[in-house]
Structures are given as C-alpha cells and as structure tokens.
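Taking it in order: structure first as structure tokens, then the write-up.
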Ligand SMILES: [Zn+2]
C-alpha cells in the first residue's frame, strides 16, 4: 500500500494519513460512467486523463454518486437539446 501524507475527502472535511476503508471515484474520458474502488487496491499508474475523487467512506460515496447522477442527467438533457 502506498504511503499517504495526509489525504482529504473530496465530499466532506475529513482527512487522514491512514485511509482505511476509503474509496476512490474514478471517471474515465472514454467511459460514460463512474467506478468506485477501494483506495488500498488502487493502482499507482492510472492515466492522467482519469479523474479521481477521494472519499472517506460509503456515506460520501453515496453523495458522490448522487452528484454524478445529477451531472449525468444534465449532460443527457444538453445532448438531447443539441440533437433536437
Ligand atoms: Zn467524506
């Protein structure tokens, strides 16, 4: 497991140097979706084009997913508007 010099949750003020049970939200430019992975098993060599958000636990992961769904809905509405 990688060493962390203090890591901050992207959804709440939590921070830690021992991110046990933390999650990472991963968005890829080539994928219309979001993935969640445990921070401990996250690969060190993800492409820079990936967007990562650190999450302190499942409560913040739920918030993150709700926000993603809202963004996704907005994007779909925009796309439909552009296609019409
Ligand atoms: Zn949090």
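In my numbering, the protein residues as written are 1 to 84. Where is the CB? At the ideal position from N, CA and C, for every residue including glycine. From a predicted model like this one, the values you see are computed outputs, not experimental measurements.
Exercise. Which same chain residues, not among the five before or five after residue 1, have their C-beta less than 7 angstroms away from its C-beta?
Worked result: Reliability of the predicted coordinates at residue 1 is poor, the pLDDT of 47 falling under 50, and no value is obtained from them.
For this session: Run the proximity test for residue 11: is its beta-carbon closer than 7 angstroms to any non-hydrogen atom belonging to ligand 1?
Result: yes
Exercise. For ligand 1, is there a heavy atom less than 7 angstroms away from the beta-carbon of residue 14?
Worked result: yes
For this session: Go to residue 82, then tell me how far its beta strand (DSSP E) extends in each direction, as first and last residue.
Result: No beta strand (DSSP E) holds residue 82; the alpha helix (DSSP H) holding it covers 58-83.
For this session: Sort out for me which residues DSSP pairs residue 14 with in a bridge.
Result: Looking at the DSSP assignment, residue 14 forms no beta bridge with any residue, so it has no partner.
Exercise. Bridge partners of residue 114, per DSSP?
Worked result: The displayed coordinates of the chain run from 1 to 84. Any statement about residue 114 would go beyond what the structure contains.
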